[in-house]
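K.L.:
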Amino acid sequence: MTPMRALLLLALAAVLVSCSPKRAAVMLDPKVTSPELLRSLVEENGRKIFSATGSGIITFDSPDLAGSAAFESNLKKPDSLLVTFEGPFGIDVGTFFLCKDTYVVYNSLENTVVMGNPNHARIRSIIPFDLTYEQILSAFSGVFPAPANGEELIDYRVQDEQFLLTYRCGVNTCTYTVDPRYLLVTRYEVRDEHGDLLVEASASSFVDEQGISWARRVRIVFPQERRRLSIAYNALRLNPHETHFRFTIPDNARRVVR
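To convert, take the position in the sequence shown, counting from 1, and add 1151; that gives the working numbering.
1. Do you know offhand how far Ala1297's Cα is from Arg1190's?
2. What's the C-alpha gap between Thr1246 and Thr1184?
3. Give me, in chain order, the residues of the same chain whose beta-carbon lies closer than 8 Å to that of Pro1181; leave out the 5 immediate sequence neighbours on both sides.
4. For the stretch 1191 to 1201 against the stretch 1348 to 1357, are there 3 or more C-beta pairs whose distance is under 8 Å?
5. What are the boundary residues of the beta strand (DSSP E) that includes Asn1225?
6. In whole angstroms, what is the alpha-carbon distance linking Asp1311 and Thr1324?
7. What does the alpha-carbon distance come out to for the pair Ile1200 and Leu1226?
8. Which residues bound the beta strand (DSSP E) around Arg1397?
9. Take the Cβ of Ala1214 as the centre, count every other Cβ of all protein chains shown within 10 Å, and call the residue buried at 16 or more, exposed below.
10. Which of the three DSSP states, helix, strand or coil, is assigned to Glu1312?
11. Return helix, strand or coil for Leu1189, following the three-state DSSP convention.
12. Helix, strand or coil: which one does DSSP assign to Ala1290?
13. Note down the Cα distance separating Glu1302 from Leu1288, rounded to an integer number of angstroms.
14. Does the beta-carbon of Ala1290 have 16 or more other beta-carbons within 10 angstroms, so that it is buried, or is it exposed?
15. For a quick check, are the C-beta atoms of Glu1237 and Ala1217 less than 7 Å apart?
16. Give me the Cα-Cα distance between Glu1344 and Val1350, rounded to the nearest whole angstrom.
17. Does the beta-carbon of Asn1196 have 16 or more other beta-carbons within 10 angstroms, so that it is buried, or is it exposed?
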């Protein structure tokens, strides 16, 4: 064996050794990769994202409202999100600010601002989608959360080269599809006790940089209500040095407190 060939074989062996723990941790086999381990790996990837800034297109479709708008977003975990929307020809459409204690929605076309405490019912009253506070933050970060610790696991298997975990979540069942390469939830479903689909969320167009994975496209569908929301990033920076949450509301805006 020539010295050069021996050196190449040694280098290859070193690479395989260094990669083997990670490959074993995400081996596509439920007998090897436990659901607890998989959940913790998905959580670990999500914890690597502290903040994000980005821009893209948001599209929404519902019986009473439909359209699309360009947006810019600033996100800082665990509880702050600022999204500014822009319509055709650069016309400002509005601002959406969300944090743990308050929300602010400004509609520049109607010069109206709505603000209040961001509980589930109030968010639903201003956004035509049945999303929780946490789901909104997840959608704009490009990373769906892992199953909650303590939920009852009722099925765990491999399907189409991805992990499939189904949990009992109250009277409903929640199914998570996890990609073993990116350790991301690529699909999330909620079904009622009759098996009817209530919510379907999916993530695609994945990026993996500096050991962090996220999705550039997020889609959330409520089939029974015929409502759907899509977020497509054309630019997204994770953990930037600075994020900002500055916005202004005109003094003459009509104010509504809920």
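No residue lacks a Cβ here, since even glycine has one placed at the ideal position from N, Cα and C. Computed from a predicted model, the values in this text were never measured in an experiment.
P.N.:
This is what the structure holds:
1. 6 Å
2. 43 Å
3. Tyr1307, Arg1308, Val1309 and Phe1314
4. Contact fails: fewer than three Cβ-Cβ distances are below 8 Å.
5. Ala1217 to Lys1227
6. 20 Å
7. 10 Å
8. It is not in any beta strand (DSSP E) - Arg1397 carries neither H nor E in the DSSP assignment.
9. Checking the displayed sequence, the identity of residue 1214 turns out to be Pro instead of Ala. Pro1214 comes out exposed.
10. coil
11. helix
12. helix
13. 21 Å
14. Buried.
15. no
16. 13 Å
17. buried
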